[in-house]
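Below is one structure; the comments refer to it alone.
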Amino acid sequence: MNPIEQIYKNKIVAVIRADEPLEAVEKACAMIESGIRVFEITVEKGAILPAIEELKKYKDITVMAGGVITSMRAQEAINKGAQIIVSPVFQGNLLKFCLGNKVPHIATVSTPNEAYNAWKSRIPLIKIFPAKSMGGVEYLEDLLRPMPFLNLMPSGGIELDDFTDYLKEGAVAVGLGRCLYKNASLSEIKERAKFAVEQLKKI
């Protein structure tokens with residue numbers, strides 16, 4: 138099963154932002170114990186890159202590098218073991234780089250036009266951000282109504298008590314970020330992740 142298929146299967150992508158690699162790894166490990174298997178580690182700060190390498194040691198875990206804008210940062214992430222490169226925007230140069238390196242690329246869009254252009258470029262999974270600010274579930278419905286062929290992953294502002302609504306309305310996966318770890322101890326992160334996995338089973 139390739140990395141994109143792992144996202145389709147697991148549905149939840151834990152988006153982790155941290156100041157240090159150890160912090161990112163500890164958060165992820167707490168979630169792994171609760172059943173989360175796909176992670177997007179944001180690497181705007183290059184110092185976070187070692188977290189990807191550390192998480193790759195775990196079996197059956199898919200690790201993506203998020204917040205990637207340049208080909209140089211993409212290469213650094215790939216060198217550390219990133220299986221997917223996620224950009225906060227949609228840009229042709231980064232897509233070309235990823236295709237050349239045979240690494241899946243997820244672009245981030247906000248508007249219908251951006252989403253369609255990303256699909257035309259054969260991007261396998263399109264991230265919608267910021268999902269909540271753009272209108273939440275209703276905005277997802279508005280995008281999919283005329284373009285049901287889009288494979289969308291909403292992210293940004295989505296909460297533990299409503300993320301399944303996005304999946305029910307056609308999202309192939311959902312990005313969960315601060316709702317999993319904001320102001321939480323590692324044990325609390327574990328419980329939040331467990332709750333998310335349990336909610337997923339109810340769909």
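Take the position in the sequence shown, starting the count at 1, then add 137; the result is the number in the numbering used here. Glycine is no exception: its CB is placed at the ideal position from the N, C-alpha and C atoms.
Nearest residue (CA-CA) to residue i, options the options
i	options	result
Asp-279	Ala-255, Asn-250, Gly-294 and Asp-299	Asn-250
Leu-317	Lys-305, Gly-307 and Gly-294	Gly-294
Ile-198	Pro-283, Ser-258 and Ile-149	Ile-149
Ala-109	Asn-320, Lys-339, Ala-184 and Leu-313	This structure cannot settle anything about residue 109, because the visible part of the chain is limited to 138 through 340.
Gln-212	Lys-196, Gly-307, Asn-254 and Leu-236	Leu-236
Thr-248	Gly-229, Gly-272, Phe-234 and Leu-231	Gly-272
Asn-216	Ser-224, Gly-183, Ile-340 and Ile-153	Gly-183
Pro-285	Val-311, Glu-296, Glu-335 and Tyr-253	Tyr-253
Arg-315	Ile-326, Val-309 and Met-138	Ile-326
Ile-153	Tyr-145, Phe-332 and Lys-319	Lys-319
Inter-residue Cα distance where the pair is residue i and residue j
i	j	result
Ala-167	Leu-337	18 Å
Lys-257	Phe-227	12 Å
Gln-143	Asp-299	22 Å
Leu-192	Phe-176	9 Å
Ile-189	Pro-283	37 Å
Leu-231	Leu-277	25 Å
Met-209	Lys-233	13 Å
Thr-207	Phe-266	19 Å
Lys-194	Ala-255	32 Å
Lys-133	Asn-147	Residue numbering for the chain in the displayed model covers 138 to 340; residue 133 lies beyond these limits and cannot be assessed.
Val-309	Met-138	16 Å
Ser-324	Ala-151	16 Å
Thr-301	Asn-238	34 Å
Whether residue i touches residue j by CB criterion (8 Å)
i	j	result
Ala-202	Ile-173	no
Gln-346	Val-205	Any property of residue 346 remains undetermined from this structure, which presents the chain solely from 138 to 340.
Ala-214	Val-180	yes
Ile-169	Ile-178	no
Ile-340	Leu-281	no
Pro-158	Pro-187	yes
Glu-296	Val-274	no
Val-334	Ser-224	no
Any C-beta of chain B under 8 Å from that of residue i
i	result
Lys-338	Among the protein chains of the structure shown there is no chain B, as only one such chain exists.
- Item | Validate contact between the stretch 255-266 and the stretch 285-300 using beta carbons, cut 8 Å, 3 pairs | yes
- Taking one C-beta from the stretch 232-246 and one from the stretch 157-168 each time, how about it: are there three or more such pairs within less than 8 Å? no
- Message: So within the stretch 150-194, which uninterrupted beta strand (DSSP E) runs reach at least 3 residues, ignoring any that extend past its ends?
- Response: 175-179
- Entirely enclosed alpha helix (DSSP H) segments - the stretch 291-315, minimum 4 residues: 300-305
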